[in-house]
Amino acid sequence: MLAVEKIHTYYGLSHILFGVSLEVNTGQVVCLLGRNGAGKTTTMKSIMGLTPPKQGRIRFNNEDVGGREPYLLARKGMGYVPDDRRIFADLTAGENLEIAAREPKEGEGWDKERVYGLFPALRTLDSRRGGFLSGGEQKMLAIGRALMGNPHFMLLDEPTEGLAPALVRILGETIGQLKEVGLTVLLAEQNVKFTLGLSDYGYIIDDGRICYQGTVKELIENEEVRKTCGI
Ligand SMILES: Nc1ncnc2c1ncn2[C@@H]1O[C@H](COP(=O)(O)OP(=O)(O)OP(=O)(O)O)[C@@H](O)[C@H]1O
Ligand SMILES: [Mg+2]
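What follows is the structure, encoded as structure tokens:
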């Protein structure tokens with residue numbers, strides 16, 4: 136579904152990603168692990184077209200999408216949950232969901248009711264303003280909002296960051312459910328235990344380079360390698 140081929144991304148003159156390549160196949164949850172500042176968010180933003188790479192290729196459903204605007208990628212079925220959530224503080228939780236609604240291309244789509252089915256805790260917050268939600272509630276809302284666009288593929292940037300253990304568990308179950316209904320996911324995380332429990336395949340990024348890649352079994356067994364890669 137997604138193939139990132141040797142991308143180089145910069146912020147101004149700072150060279151951040153050095154030839155990052157990764158692949159995500161349909162129906163998989165693939166993780167991108169890495170310590171603080173390793174380049175996870177930059178990789179996600181490069182894929183979503185927010186920080187277009189200067190070199191390399193990004194293919195999505197066999198189409199070259201490098202340099203495309205984020206809204207075009209969203210139309211093609213790419214969903215993005217940024218690490219900083221970007222919830223509208225003055226809109227209610229319900230309104231935050233409604234403004235993101237997009238007709239599904241085919242089959243059953245996501246609506247507010249379906250999002251509340253996935254996150255029952257959000258239903259009771261329907262009329263609360265986004266700015267008054269807790270960090271965990273905002274995380275759930277940000278995922279719900281991305282689902283309202285009916286993506287086939289979702290970029291999830293550090294969903295567990297700052298969440299209490301009980302919420303981390305619920306989030307893990309939710310991602311499992313999304314996979315069951317056919318969503319393909321690229322998950323950027325620092326929380327190794329949470330992430331490996333959910334993923335089919337994983338990459339470790341360090342200093343803007345892919346340091347290791349392997350099956351979940353290989354990633355679990357190779358603790359030495361994980362340490363070398365800073366995770
Ligand atoms: N807007 C920016 N301008 C300049 N440098 C940036 C910018 N955003 C990030 N960087 C730098 O790019 C590098 C990679 O950052 P990135 O946010 O991709 O890492 P990360 O793996 O997502 O880290 P974290 O776990 O802290 O979210 C870091 O050295 C960071 O300082
Ligand atoms: Mg990040």
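Going by this note's numbering, the sequence shown runs without a break in its numbering and finishes at 366. Glycine residues also receive a C-beta, built at the ideal position from the N, C-alpha and C atoms. If you're wondering where the values come from, they're calculated on a predicted model, not measured in any experiment.
- For residue 222, the secondary structure class from DSSP, reduced to helix, strand or coil, is coil.
- Beta-bridge annotation (DSSP): residue 345 is paired with 340.
- Counting only runs that start and end inside the segment 227-295, the beta strand (DSSP E) elements of at least 3 residues fall at 288-292.
- The DSSP-derived three-state label of residue 190 is strand.
- Here residue 312 is exposed: its Cβ has fewer than 16 other Cβ atoms, across all protein chains shown, within 10 Å.
- Judged by the Cβ position, residue 330 fails to qualify as a neighbour of ligand 2 at the 7 Å threshold, every heavy atom of the ligand being at least this far.
- Taking the Cβ of residue 293 as the reference point, at least one heavy atom of ligand 2 falls within a distance shorter than 7 Å.
- With a cutoff of 7 Å, residue 325 counts as near ligand 1, since its C-beta is closer than that to a heavy atom of the ligand.
- Annotation for residue 151 indicates a beta carbon within 7 Å of some heavy atom of ligand 1.
- Each residue's CA atom was taken as its position, placing residue 148 and residue 173 some 17 Å apart.
- The segment 343-353 makes no contact with the segment 298-318: fewer than 3 CB pairs, one atom from each, lie closer than 8 Å.
- Annotated as distal: residue 214 and residue 339, with beta-carbon spacing of 8 Å or more.
- With fewer than 16 other beta carbons inside 10 angstroms of its own, residue 240 counts as exposed.
- Taking a contact to require three or more Cβ pairs closer than 8 Å, the segment 223-231 and the segment 196-214 do not qualify as touching.
- The continuous beta strand (DSSP E) containing residue 159 extends over residues 149-159.
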